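Asker: Questions regarding the structure given below will be posed in turn.
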Amino acid sequence: AQSVSQHNHHVILSEAASLELGCNYSYGGTVNLFWYVQYPGQHLQLLLKYFSGDPLVKGIKGFEAEFIKSKFSFNLRKPSVQWSDTAEYFCAVEPDRGEYGNKLVFGAGTILRVKS
Amino acid sequence: DAGVIQSPRHEVTEMGQEVTLRCKPISGHNSLFWYRQTMMRGLELLIYFNNNVPIDDSGMPEDRFSAKMPNASFSTLKIQPSEPRDSAVYFCASSQRGFEQFFGPGTRLTVL
Chain A
5 AQSVSQHNHH
15 VILSEAASLE
25 LGCNYSYGGT
35 VNLFWYVQYP
45 GQHLQLLLKY
55 FSGDPLVKGI
65 KGFEAEFIKS
75 KFSFNLRKPS
85 VQWSDTAEYF
95 CAVEPDRGEY
105 GNKLVFGAGT
115 ILRVKS
Chain B
16 DAGVIQSPRH
26 EVTEMGQEVT
36 LRCKPISGHN
46 SLFWYRQTMM
56 RGLELLIYFN
66 NNVPIDDSGM
76 PEDRFSAKMP
86 NASFSTLKIQ
96 PSEPRDSAVY
106 FCASSQRGFE
116 QFFGPGTRLT
126 VL
């Protein structure tokens, strides 16, 4: 079945540690890719997106992600996390641009807790 | 821009009652999405509209759920009758074709 997989459901890091969250998808063809973040008690906000071009995408708050087409992956990275990065992170794939807008398929989410 | 507006922000109701959730998308966006978020099932797409027309409602759990978009600036999600298992946070999101989705603040629904 077509899906979006996030490798870890819970990640705990100390401040200044490096972060990498995995995301793999099973859709063939051209896809658009997103990472959203949900801070405690808040709505989802876009961190970064990939539509085309340079596969290394930089987003807000020092986050970046690399699209590796051959691995169907779009992993999120940050070299040094802060306590304020504590949140849930969602990978999303837009598999079918087509005629009917942009339905997204979300992964299950990864809860990141950063210890101060 | 005020972003996506949802109301109410919190709703507590009793089982069997009708619940109506409301959403105002960002002006100029032509797609609107309703999601449900729970601990058990994560973020689920319920239904989405393009140019006010429902495109995919395969995520609507059952006939108790219905959604409408009478015009480009307003949508409702109705649950009738509500059940405790409907308790969740319901998000509305909107987008322009070719761009990312912007999410509203959500409605936290509790059905007792």
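Going down the list, the protein sequences come from chains A and B. Everything in the first sequence is counted per the working numbering, starting at 5 for the first residue and increasing by one. Everything in the second sequence is counted per the working numbering, starting at 16 for the first residue and increasing by one. Where a beta carbon is used, it is the ideal one built from N, C-alpha and C, also for glycine. Just so we're clear, the structure is a prediction, and the values are computed from it rather than from any experiment.
#1: List, from N- to C-terminal side, the beta strand (DSSP E) runs of 3 residues or more that fit wholly inside the stretch 31–72 of chain B.
#2: Shorter than 8 Å from the beta carbon of B/G119 to some beta carbon of chain A?
#3: With which residues is A/Q10 paired in a DSSP beta bridge?
#4: Starting from the C-beta of A/F38, find all residues in its chain whose C-beta is less than 6 Å away, skip the five residues before and the five after it, and write them out in chain order.
#5: Would B/T91 pass as a contact of B/P23 if the rule is Cβ separation under 8 Å?
#6: Starting from A/K62, find everything on chain B with Cβ-Cβ shorter than 9 Å and list it in chain order.
#7: Please state the DSSP three-state secondary structure of B/L90.
#8: Using 8 Å as the limit for Cβ to Cβ distance, is B/G57 near chain A?
#9: Take the Cβ of B/G119 as the centre, count every other Cβ of all protein chains shown within 10 Å, and call the residue buried at 16 or more, exposed below.
#10: Rank A/E68, A/L50, A/E92 by C-alpha distance to the C-alpha of A/D58 and give the top, closest one.
#11: For A/K65, decide whether its Cβ has a neighbour in chain B, counting only Cβ atoms nearer than 8 Å.
#12: DSSP on A/S88, reduced to helix/strand/coil?
#13: Compute the distance between the beta-carbons of A/A91 and B/G57, then report whether it is under 8 Å.
#14: Buried or exposed: where does A/G82 fall if 16 or more other Cβ atoms within 10 Å of its Cβ makes it buried?
#15: Thinking C-alpha only, which one of B/A87, B/S102, B/R51 is nearest B/N66?
#16: Keeping to the same chain, check which residues put their C-beta closer than 6 Å to that of B/T125; ignore five residues upstream and five downstream.
#17: So who's on the other strand from B/R123, going by DSSP bridges?
#18: Can you round the beta-carbon distance between A/S22 and A/S84 to whole angstroms, since I take them to be within the 8 Å contact cut?
#19: Whole angstroms is fine: what's the gap from A/H14's alpha carbon to A/T114's?
#20: From A/V109 to B/E29, what distance separates their C-alpha atoms?
#21: Residues of chain B with CB closer than 9 Å to the CB of A/F110, please, in chain order.
#22: Relative to the C-alpha of A/P99, which candidate in A/A20, A/N28, A/G33 has its C-alpha closest?
#23: For A/I115, report the span of its beta strand (DSSP E) as first-last.
Answerer: With the given structure in hand:
#1: 34–39, 46–53, 57–65, 68–71
#2: yes
#3: A/C27
#4: K53, A96
#5: no
#6: Within 9 Å Cβ-Cβ: nothing; A/K62 doesn't reach chain B, min ~15 Å.
#7: According to the sequence provided, residue 90 of chain B is Ser. The question's Leu does not apply to it. Strand.
#8: yes
#9: buried
#10: A/E68
#11: no
#12: helix
#13: no
#14: Note that residue 82 of chain A is Lys in the sequence shown here, rather than Gly. So A/K82 counts as buried.
#15: B/A87
#16: V27, S102
#17: B/H25, B/V104
#18: 7 Å
#19: 6 Å
#20: 32 Å
#21: Y50, G57, L58, E59, L60
#22: A/G33
#23: 114–119
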